[in-house]
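Using the working numbering, read the sequence shown as starting at 5 and increasing by one per residue. Beneath this line is the structure, given in structure tokens, with notes to follow.
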Amino acid sequence: PGLVKPSQTFSLTCAVTGSSISSANYGWSWIRQPPGKGLEWLGRGYYSGSSWNRNYGSSVQGQISTRADSSKKQFSLQLRSATSEDTAVYYCARGTVKGVDWPTGGTWNVWVTETILEAGA
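What follows is the structure, encoded as structure tokens:
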């Protein structure tokens, strides 16, 4: 778990195993689950050729960014200006259909389940 103060920026990294992050077969998403609430899709990224494409959920538009490092097999999330609304368990997920938003379509594998960030005072 990590404690993040209000207005701080935090980053999370998902280490990808068993597949290439640059594969045209997969899309990569970040989702979160605030305490007592359901899952919220934050954003996705996928490679098309050598280009990393990304889309973000409306609730975090302008607050988050994602990037991929295919050589390190890592997919990362950066969230700026944290508030108490960002308190959640954060997950990264691989979708078998690139460009598909969580949780619709394809088959999803959730890989990160232990990260809890609390935007506290």
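We treat Cβ as the ideally placed atom computed from N, Cα and C, and that holds for glycine.
- The beta carbon of Ser80 lies closer than 8 Å to those of Ser15, Leu16, Thr17, Cys18, Thr70, Arg71, Ala72, Asp73 in the same chain, with the five residues before and after it left out.
- If the five residues before and after Val20 are omitted, its C-beta is found closer than 7 Å to the C-beta atoms of Lys77, Gln78, Phe79, all from its own chain and listed in chain order.
- Proximity to Ser33 across Ser88, Trp56, Thr91, Ser85 peaks at Trp56, based on C-alpha coordinates.
- Thr70: member of the beta strand (DSSP E) spanning 68-73, first to last residue.
- Closest in C-alpha terms to Ala28, from the list Pro39, Ser52, Ser63, comes Ser52.
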